[in-house]
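Structure record follows, encoded as structure tokens.
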Amino acid sequence: MKVLGIETSCDETGVAIYETGEGSGRLLGHCLHSQVDLHAAYGGVVPELASRDHIRRLPLLLEQVLQSTALRIEDIDAIAYTAGPGLAGALLVGASVAESLALARGVPALPVHHLEGHLLSPLLSADPPAFPFVALLVSGGHTQLMRVRGVGEYALLGESVDDAAGEAFDKTAKLLGLGYPGGPQLARLAQEGDARRFKLPRPMLHSGDLDFSFSGLKTAVLNIVSGADWRPAQAADLAAAFQEAVVDVLCAKALGALKKTGLKTLVVAGGVGANRRLRDVLDAAVGKRGGRVHYPEPELCTDNGAMIAFAGAMRLAAGETRHASPAVRIRPRWPLTELTAPGATRDQ
Ligand code: KG4
Ligand code: ZN
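Going by the working numbering, the first residue of the sequence shown is number 4, and it counts up by one from there.
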């Protein structure tokens, strides 16, 4: 079965084709257009511009992915698309195109949860993790720890009570005068800094649960940069101190989640999962406990169509079918824990 995946939940248009197979499937091709340049002048994503750009790019990317895989639209057996969470107007573009194509072709349309896409994306790597595992989801909108028993079987262990980790990176980058998107730029600047030159809090490190809080950390940075002693030349040190504080808390809570569940495998997904320092610290800490951390391939860390095609394909293979219907349904707010497993219940 060949599944086309369409992602348009925020500022990336992604299209991919995944083929399911006996034992293991494979990603046949994927194309991506990032709107970073479009939104950079505004310092953040402008929803209306995002929707319009998805409309412009999607047909071209669809053509491109079919060409690169030497397939025709007639070869596609199902169409998966991001139905939420995300920006309503942006989601509607992918949902409308996917549902219309599915209706025209008479194939199932599969609405996919964006975070399920992220969460399952490490399974696309050459050496995929096996269920069950703990997932640390760290994106621009979410910071969550999940116990994952299988596709659609997600139990929330902890989450951020305020800002998401990526959001904290972006807002702190802004305070340091860096451009959009802030996360990667702050991480780059931090490489040149000394994290020990500033003392920043580790919010909720000893809260006794697996929840996070990042807004106080951002305020601590604000207090420093608006203080009388602040010199812009210290930006790299402050960026490094901020990154270290976020990484410390993410690592401590992820270890707490492994301990609580008795599991040894940690899966990290979402944009912040691309952070080099986070990876190094997690690898060392989890490795010391005899466990292992899995990440998506670097190009699949941030939003993309491959993870949507894959999540749709996993659900299709597990027995989920959604017949084409003219109803275009999106869920801009959609808790991941509302998902259920497709098909039969599994043991364990
Ligand atoms: O998963 P994603 O592409 O989009 C959402 O679904 O939110 O994540 C984007 C987030 C942004 O906040 C971005 O600044 C952050 O991931 N990010 C990073 C890095 N690369 C992306 N944060 C820290 N270090 C990075 N290297
Ligand atoms: Zn995302």
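Don't be surprised by glycine CBs; every beta carbon is placed ideally from N, CA and C. Please read these numbers as outputs of a predicted model, since none were measured by experiment.
With DSSP run on the structure shown, which of helix, strand or coil describes residue i?
{"i": "ILE20", "result": "strand"}
{"i": "GLN70", "result": "helix"}
{"i": "ARG334", "result": "coil"}
{"i": "ARG292", "result": "coil"}
{"i": "GLN188", "result": "helix"}
{"i": "PRO301", "result": "helix"}
{"i": "SER37", "result": "strand"}
{"i": "PRO88", "result": "coil"}
Between the options, which lies nearest to residue i when the distance is taken from Cα to Cα?
{"i": "ALA260", "options": "LYS177, GLY28, GLY144 and GLY211", "result": "GLY211"}
{"i": "LEU118", "options": "VAL110, PRO111 and GLU156", "result": "GLU156"}
{"i": "HIS229", "options": "CYS254, LEU178 and THR23", "result": "Correcting the residue identity first, residue 229 is Ser in this sequence and not His. Checking every option, the nearest Cα to that of SER229 belongs to LEU178."}
{"i": "PRO50", "options": "ASP14, MET207, VAL164 and SER71", "result": "ASP14"}
{"i": "ARG59", "options": "VAL164, LEU41, PRO111 and LEU303", "result": "LEU41"}
{"i": "LYS291", "options": "CYS254, LEU303, ALA316 and ALA83", "result": "CYS254"}
{"i": "VAL39", "options": "GLY185, ALA330, ASP214 and VAL250", "result": "GLY185"}
{"i": "GLU302", "options": "GLU102, LEU213, HIS121 and THR72", "result": "HIS121"}
{"i": "THR11", "options": "GLY153, TYR45, LEU94 and PHE245", "result": "LEU94"}
{"i": "ALA19", "options": "HIS33, GLY28 and ARG29", "result": "HIS33"}
On the CB-based measure, 16 or more other CB atoms within 10 Å of its CB, does residue i come out buried or exposed?
{"i": "GLY180", "result": "exposed"}
{"i": "GLU195", "result": "exposed"}
{"i": "TRP233", "result": "exposed"}
{"i": "GLY26", "result": "exposed"}
{"i": "THR343", "result": "exposed"}
{"i": "GLN147", "result": "buried"}
{"i": "ARG318", "result": "buried"}
{"i": "ALA257", "result": "buried"}
{"i": "ASP350", "result": "Because the pLDDT at ASP350 is just 39, under 50, the model does not fix this residue reliably, and the point stays unresolved."}
{"i": "PRO114", "result": "buried"}
{"i": "GLY265", "result": "exposed"}
{"i": "LEU160", "result": "buried"}
Below 8 Å CB to CB, which residues in the same chain sit around residue i once its five sequence neighbours on both sides are set aside?
{"i": "PRO204", "result": "GLY219, LEU220, ALA223 and ALA248"}
Output needed for residue i: all residues of its chain with C-beta closer than 6 Å, excluding positions within five of it in sequence on either side, in chain order.
{"i": "VAL270", "result": "PRO125, PRO132, PHE136, ALA138 and HIS297"}
{"i": "ASP76", "result": "The sequence as given places Ile at residue 76; Asp does not occur at that position. There are no such residues."}
{"i": "ALA239", "result": "LEU192, GLU195 and GLY196"}
{"i": "VAL353", "result": "For residue 353 there is no data in the structure shown, the boundaries of the chain being 4 and 351."}
Please go through the same chain and pick out, in chain order, the residues whose beta-carbon is closer than 7 Å to the beta-carbon of residue i, but skip the five residues on each side of it.
{"i": "GLY324", "result": "Going by the sequence as given, residue 324 is Thr instead of Gly. Taken in chain order, the residues that qualify are PRO111."}
{"i": "GLY182", "result": "ALA43 and GLN188"}
Could you tell me whether the stretch 268 to 282 touches the stretch 165 to 178, using the rule of 3 or more Cβ pairs below 8 Å?
yes
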